[in-house]
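J.: Residue numbers (the working numbering), protein chains in the order written: chain A, 1 to 352; chain B, 1001 to 1352; chain C, 2001 to 2352; chain D, 3001 to 3352. C-beta: ideal position from N, C-alpha, C; glycine also. All values reported here derive from a predicted model rather than from experimental measurement.
#1: Residues of chain B with a CB under 7 Å from the CB of residue 2277 of chain C: which are they?
#2: For the alpha helix (DSSP H) that residue 1224 of chain B lies in, which residues bound it at each end?
#3: Taking residue 3256 of chain D as part of the alpha helix (DSSP H), name the residues at either end of that continuous run.
#4: Measure the C-alpha to C-alpha separation of residue 252 of chain A and residue 225 of chain A and round it to an integer number of angstroms.
#5: Which residues mark the beginning and the end of the beta strand (DSSP E) in which residue 2086 of chain C is found?
#6: Under a CB-based cut-off of 7 Å, is residue 3018 of chain D close to chain B?
#7: How many whole angstroms separate the CB atoms of residue 110 of chain A and residue 92 of chain A, which I take to be in contact at a CB cut-off of 8 Å?
#8: Consult DSSP for residue 96 of chain A and reduce its assignment to one of helix, strand or coil.
#9: Which residues in chain C have a C-beta closer than 9 Å to the C-beta of residue 299 of chain A? List them in chain order.
#10: Shortest alpha-carbon distance to residue 221 of chain A belongs to which of A:50, A:182, A:303 and A:199?
#11: Taking all protein chains shown into account, do 16 or more other C-beta atoms lie within 10 angstroms of the C-beta of residue 344 of chain A, making it buried, or fewer, making it exposed?
#12: Mind checking which residues open and close the beta strand (DSSP E) that includes residue 1238 of chain B?
#13: In whole angstroms, what separates the C-alpha of residue 2331 of chain C from that of residue 2076 of chain C?
#14: When you compare the region 228-243 of chain A with the region 165-182 of chain A, are there three or more beta-carbon pairs, one atom per stretch, that lie closer than 8 Å?
#15: Would you say residue 181 of chain A and residue 147 of chain A are within 7 Å of each other, going by their C-beta atoms?
#16: For a contact defined as C-beta to C-beta under 9 Å, what are the partners of residue 1288 of chain B on chain C?
#17: Assuming residue 2279 of chain C contacts residue 1248 of chain B (C-beta within less than 8 Å), just tell me the rounded distance between them.
#18: Is the beta carbon of residue 3143 of chain D sitting closer than 7 Å to the one on residue 3081 of chain D?
#19: Within 7 Å of any Cβ in chain B, is that where the Cβ of residue 2115 of chain C sits?
#20: For the beta strand (DSSP E) that residue 1013 of chain B lies in, which residues bound it at each end?
#21: Is there a Cβ of chain A sitting closer than 7 Å to that of residue 1229 of chain B, yes or no?
#22: Examine chain B for any beta-carbon lying closer than 7 Å to the beta-carbon of residue 2269 of chain C, and answer yes or no.
#23: For residue 2073 of chain C, count neighbouring Cβ atoms within 10 angstroms of its own Cβ and tell me buried if that reaches 16, exposed if not.
#24: Apart from the five residues on each side of it in sequence, which residues of its chain come closer than 7 Å, Cβ to Cβ, to residue 1323 of chain B?
#25: Going by alpha carbons, who is nearest to residue 3014 of chain D out of D:3190, D:3122 and D:3204?
#26: For residue 3315 of chain D, decide whether its Cβ has a neighbour in chain C, counting only Cβ atoms nearer than 7 Å.
#27: Is residue 35 of chain A helix, strand or coil by DSSP?
#28: Can you find a C-beta in chain D that's less than 7 Å from the C-beta of residue 259 of chain A?
#29: Going along chain B in order, which residues have a C-beta closer than 7 Å to the C-beta of residue 214 of chain A?
#30: How should residue 16 of chain A be labelled, buried or exposed, when 16 other C-beta atoms within 10 angstroms of its C-beta is the threshold for buried?
#31: Comparing the CB of residue 1283 of chain B with every heavy atom of the ligand SAH, is any distance shorter than 6 Å?
#32: Going by beta carbon distance, what residues of the same chain come within less than 8 Å of residue 3327 of chain D, once the five residues before and after it are set aside?
#33: Can you list, in chain order, the residues of its chain whose CB lies under 7 Å from that of residue 6 of chain A, leaving out five sequence neighbours each side?
#34: In whole angstroms, what separates the C-alpha of residue 98 of chain A from that of residue 1059 of chain B?
#35: If you drop the 5 nearest sequence neighbours on each side, which residues of the same chain put their C-beta closer than 7 Å to that of residue 258 of chain A?
#36: Return helix, strand or coil for residue 1271 of chain B, following the three-state DSSP convention.
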């Protein structure tokens, strides 16, 4: 079984892997469409997860079920399914006490693919607890749309949830790669009125406007904090969503946020021992600027709900897909695109 | 000063009133556009507030300021303003303990116009605490749009807030008069996926679809509870918004709502000593079907936030306005329309 | 295997049952202490669940494990455990969408004992998903204390959660049987200041004061609504917990609750087709008096958390136990006590 | 009029000030009891607010009203009142949009005494908006108890609110000076089970146990993070309250907090440009460890609610008062005590 793997830090390549075994509650999936993610780039080229050898990459997939365990109730061989990037164990004590399932067996434990087990860039891959972690692709949804759900859509929308956007509020989305663009779309679907999108790539800015951004803030035009404070007459934003950027974006978010406002982070901070909160802008600890950061929810119902938004035409994640490839062998090219980020790229998809 | 008043239960007419006095923090307004409301009909023809004599009607207005008290900081004569239907006293102990401002001096006390003081259907009318209760009409907003904000928009949206709509959820809006239509629009802007709108008037159904309803449920096709349970394969709705109807709609809402779901009511229940909760469908008291009912928020910031949604093109309340009149004298015709409810009516506006 | 059962409506008796089979994730328990509950009385003598034949009664137990399935990880034969009255299936889609586990397979589905399967008044009984639904009895906890946790404590405390008690608030607990007394104790542990306990039995009133009630309201002294409104100078209560009583208590709760207040119900309403909300006192639908009613949470962590409160001396549920019996055969006497409710009874316990 | 002031950074002294003018809604107060605070020490000796000259110190007072403005409704000359440290302007747009009143005119704007106006260490002092910011001292409350409410009690309790303590949870309070001790007392009154109090002073540890701490963690016995993780078998705490300490405590709090847990900060961080979040322990941005930091609520109702807890015997703030002085002239000694912090000090009170 062929798979595209991280051979070691800085190097990818095709390897042979054993076909995954299928547990009683599990399923084995043949991919139909795959999407490389910036996280894959972090993992391979920045060593963000540390050294790994022959780890299969990838966590964004839709596919067809080729095997199910005898305990699986709701899915059968041949079903076409959305596979969330986050596939928690849902039967834990942590969940009983209100810990998000993403952390049900320890912090970030729901993030399994290409982290604590092989990823989805493989001729076949495994999913734990199929009934709880798979969702059918609805009739009429394109594979391009569907493969945006496992990570881009749910992560972008989770930023909106963490930032607690409400009706008529002023919202800032920092970072308008594909996740940030989904935060823009999601913020509109939670009631944002004025919506600042912070980014510098012209294509992303254009798509951000399509998704509902009202103001594009480009760091090339000056400090983004100053620009947003000026535009809001010093008041700042009600809600700030961090969907990309280096460590410094957290500082900027605190400065942009009003007292009583909320900062939601879905960015994977990849570097440095510490993130920094600017003491005075945070009210010397007492400014009521809440800071939430979290891994996106996964699992079946999350995928079904995101899919329901698409099928009811609340937004179209398909606008994210700028590049497509036909054939599993093109995966490496798709990954290279995410590495090189040409100006016309938002997100590539490889149809298998 | 002429005004259109409830003379007694069942009878309206033009009367003369004294020009209102303007307190230190208050303002006097000359209306630019007025909208009659079903509540006015309840008040006059059903005696819903009890007997009243020579009470000026109306609580939906935009206007121009003709006088401000010496303590008013942010508004001046000549400003064109949105006047919320609900104008609370914001400086109370109730607010300190988290009671919604609508009830800051006792239940429903924020509802002043045509209830505990004269309404806005007058050549001039009074507003308490102008800085806290008025909002400028933004440049570019039509008077038709603006005059939908004081009640229709904010009330419809409050139903959505009370029902706690979230991403990808299944939502039911019971009643699709103008308030319910705004609940439909608002539910989309809080993340509703599938959205059932319950109503029988063809025009309202058509506009509900424009605002984002995906399914129209008409009682003429059978029991609405059965229809919705069938359509959701017995699961019911995550959120139910009651925006109109007789007492029975609360029972229906409980039956439609899933365990763990939320019912938000903004309907003014006008009749009977009791509303009824069906015991078994409510889980014999233990079904976790939360019931919230509340008067819409008022005040300046609420109006500004609703206006910001319109100006940022999140929705257009102007679709509600099916009939317009030019001239103060046409108010009585507008009111009669609300009384008679012809098939082509959603909401009339009278430009003064 | 002997068990105390409902033979039919109105009649109890000892029967023989088969030893329960133990599934892969399950356990079989031998009771150490059992407590009859008013719900058992409702079931048998009022037919509240409808006709049942030879249904084993009882849902309050602590016991010793005599068998575990091969998939059970954290428990072994010989462990002494608390068995919650509510034992949900925790691996469901409902939980993924935020439905309380109590309803994870349909409304009230977590309530299994003496409802959808045989109860615990048996020489041996079954528990589903032992790892998720059992908790060890902590060293040093008495069996009397422990057997109050499965229902009395968690249910009383859930009333407090549903009513959202906060610091320094005025709280009313309607009904001061054992559940209501735990609501009193729980309200203190959520910050209640003034705490009205509504009940007429002198012993219960005395224990309510021990748990922290500051005012006892007895219906024999006049209408309870009037008494509480008088005592609060017309203001009403911030939070009302319904822990017992006939249908009418919901009406009373609405009248007692301030606008912006919250009503939490854990009472099992046993009669009538409808519960009634007084229309005017509920602000004609718009008074922001939230109504929550729910089945108590169950499961392992809930029991562990309640036990942690006891072991850290936050309160002592042992005060509830007024009558004890030694020997399984005395179960029928215990049950009869709950039926007859002598003046000196709060809660009986049968040690096996 | 004599007052104890900060003359400049590092120097205090008695000065003469003009009697304060009393606005329409305001009051002038003669102190009955005053308490120096660590914040006063920060202000004078660490220049935490920057250079100030002849700024009257103090923000913890109870007193007697000597003058009221003509618009004051509920208070009169001679009333004995609690004066909160935080006295917001309650009639602002910020409050309408849900910003805590503490920030109603900009971040931290509710903190007026000894910050943006003269403090309370004066023969007479001013309070803005008396009806909204004063509370009567209840009959039977000692002045020692009462003067703990304006800051110590409300601030400690706010830490508990920010950390969202719930039933049966494991809570850590970092810092057990008087504010931290009130966080301990408050955490018990929100349902904490196991309660770690972090501090090294024996007297404070002893009082912490009286207020309900179950475990005392002393940094002299090793790293506090390690100690708490060991004691919880690596699980960490559900809720962490920061009530004192240098910048490093925020890092520690993040390490101690479980995924899905909440950190509440009421500590005034006095030094450095940045606070630091440990990146990996914060789940590289995605660990769902919420960080809330906020200035304590002020105003009348807050004082009334805190007072109601004391009067209903939920806790006794009087345990904090270790040193008392008779006479206004002893204020300087009291302040010196807070500066020198002898081993037997928790909090001094000066009776005037």
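T.: According to the structure shown:
#1: Your numbering for residue 2277 of chain C matches position 277 in the third chain. Within 7 Å Cβ-Cβ: 1274, 1275 and 1277.
#2: The sequence position of residue 1224 of chain B within the second chain is 224, counting from 1. 1224-1231 is the span of the alpha helix (DSSP H), which, as asked, contains residue 1224 of chain B.
#3: Position 256 of the fourth chain, counted from the start, is the residue given in the question as residue 3256 of chain D. Run containing residue 3256 of chain D: 3248-3256, per the alpha helix (DSSP H) assignment.
#4: Walking along the first chain from the start, residue 252 of chain A turns up at place 252. Walking along the first chain from the start, residue 225 of chain A turns up at place 225. Cα-Cα distance, rounded: 6 Å.
#5: Here residue 2086 of chain C refers to the residue found at position 86 of the third chain. From DSSP, residue 2086 of chain C is part of no beta strand (DSSP E); its letter is neither H nor E.
#6: Counted from its first residue, the fourth chain places residue 3018 of chain D at position 18. Answer no: the Cβ-Cβ gap between residue 3018 of chain D and chain B never drops below 7 Å.
#7: Within the first chain, residue 110 of chain A is the residue found at index 110, counting from 1. Within the first chain, residue 92 of chain A is the residue found at index 92, counting from 1. Actually they do not touch by this definition, with Cβ atoms about 10 Å apart.
#8: In the first chain, residue 96 of chain A corresponds to position 96, counting from 1. In the structure shown, residue 96 of chain A sits in a helix (DSSP, three-state: H, G or I).
#9: In the first chain, the residue the question calls residue 299 of chain A occupies position 299. Chain order gives the chain C residues near residue 299 of chain A as 2093 and 2096, where near means a beta carbon separation below 9 Å.
#10: Mapped onto the first chain, residue 221 of chain A falls at position 221. Ranked by Cα distance from residue 221 of chain A, the options A:50, A:182, A:303 and A:199 are led by A:199.
#11: In the first chain, counting from the first residue as 1, residue 344 of chain A sits at position 344. Flag for residue 344 of chain A reads exposed.
#12: For the purposes of this step, residue 1238 of chain B is identified with residue 238 of the second chain, where counting begins at 1. In the DSSP assignment, residue 1238 of chain B falls within the beta strand (DSSP E) that extends over 1237-1242.
#13: Position 331 of the third chain, counted from the first residue, corresponds to residue 2331 of chain C. Position 76 of the third chain, counted from the first residue, corresponds to residue 2076 of chain C. Using only the alpha carbons, I get a separation of about 27 Å.
#14: Result yes; three or more Cβ-Cβ pairs closer than 8 Å.
#15: In the first chain, counting from the first residue as 1, residue 181 of chain A sits at position 181. In the first chain, counting from the first residue as 1, residue 147 of chain A sits at position 147. Contact flag unset, no.
#16: Here the question's residue 1288 of chain B lines up with position 288 in the second chain. Within chain C, the residues near residue 1288 of chain B are 2099, 2100, 2102, 2103, 2107, 2162, 2292, 2293, 2294 and 2295.
#17: The residue you call residue 2279 of chain C lines up with position 279 of the third chain. The residue you call residue 1248 of chain B lines up with position 248 of the second chain. Going by Cβ atoms, the distance from residue 2279 of chain C to residue 1248 of chain B rounds to 13 Å, so no, they are not a contact pair.
#18: Counted from its first residue, the fourth chain places residue 3143 of chain D at position 143. Counted from its first residue, the fourth chain places residue 3081 of chain D at position 81. In this structure, the beta-carbon distance from residue 3143 of chain D to residue 3081 of chain D does not fall below 7 Å.
#19: Translated into positions along the third chain, residue 2115 of chain C becomes position 115. Residue 2115 of chain C does not count as touching chain B.
#20: On the second chain, position 13 is the one that residue 1013 of chain B refers to. That run of the beta strand (DSSP E) goes 1011-1016.
#21: Numbered from its first residue, the second chain carries residue 1229 of chain B at position 229. Chain A has no Cβ within less than 7 Å of the Cβ of residue 1229 of chain B.
#22: Position 269 of the third chain, counted from the start, is the residue given in the question as residue 2269 of chain C. Using beta-carbon distances, residue 2269 of chain C counts as an interface residue toward chain B, with a partner under 7 Å.
#23: Residue mapping note: residue 2073 of chain C aligns to position 73 of the third chain, counting from 1. So residue 2073 of chain C counts as exposed.
#24: On the second chain, residue 1323 of chain B is found 323 positions in, with the first residue counted as 1. Non-local beta-carbon contacts of residue 1323 of chain B in its own chain, meaning distances under 7 Å to residues more than five positions away in sequence, involve 1337, 1345 and 1348 in chain order.
#25: Residue 3014 of chain D sits at position 14 when you count from the first residue of the fourth chain. Nearest C-alpha to residue 3014 of chain D: D:3122.
#26: Here residue 3315 of chain D corresponds to residue number 315 of the fourth chain, with the count starting at 1. Contact with chain C is absent for residue 3315 of chain D, since none of that chain's Cβ atoms lies less than 7 Å from the residue's Cβ.
#27: The residue given as residue 35 of chain A occupies position 35 in the first chain. Of the three classes helix, strand and coil, the one that applies to residue 35 of chain A here is coil, per DSSP.
#28: Here residue 259 of chain A refers to the residue found at position 259 of the first chain. Contacts with chain D at 7 Å (Cβ-Cβ) include residue 259 of chain A.
#29: The count along the first chain starts at 1 and reaches residue 214 of chain A at position 214. Listed along chain B are 1312, each with a C-beta nearer than 7 Å to that of residue 214 of chain A.
#30: Translated into the one-based positions of the first chain, residue 16 of chain A becomes position 16. Its Cβ having fewer than 16 others within 10 Å, residue 16 of chain A is exposed.
#31: This structure lacks the ligand SAH; in fact it carries no ligand of any kind.
#32: Translated into the one-based positions of the fourth chain, residue 3327 of chain D becomes position 327. Counting only Cβ-Cβ distances below 8 Å, and skipping sequence neighbours, we find 3350, 3351 and 3352.
#33: Walking along the first chain from the start, residue 6 of chain A turns up at place 6. The answer, listed in chain order, is 12, 43, 44, 52, 55 and 57.
#34: If you number the first chain from 1, residue 98 of chain A lands on position 98. If you number the second chain from 1, residue 1059 of chain B lands on position 59. Their backbone Cα atoms lie some 45 Å apart in a straight line.
#35: Numbered from its first residue, the first chain carries residue 258 of chain A at position 258. These residues qualify, in order along the chain: 235, 236, 237 and 238.
#36: Counting from 1 along the second chain, the entry for residue 1271 of chain B is found at position 271. If DSSP states are grouped into helix, strand and coil, residue 1271 of chain B belongs with coil.
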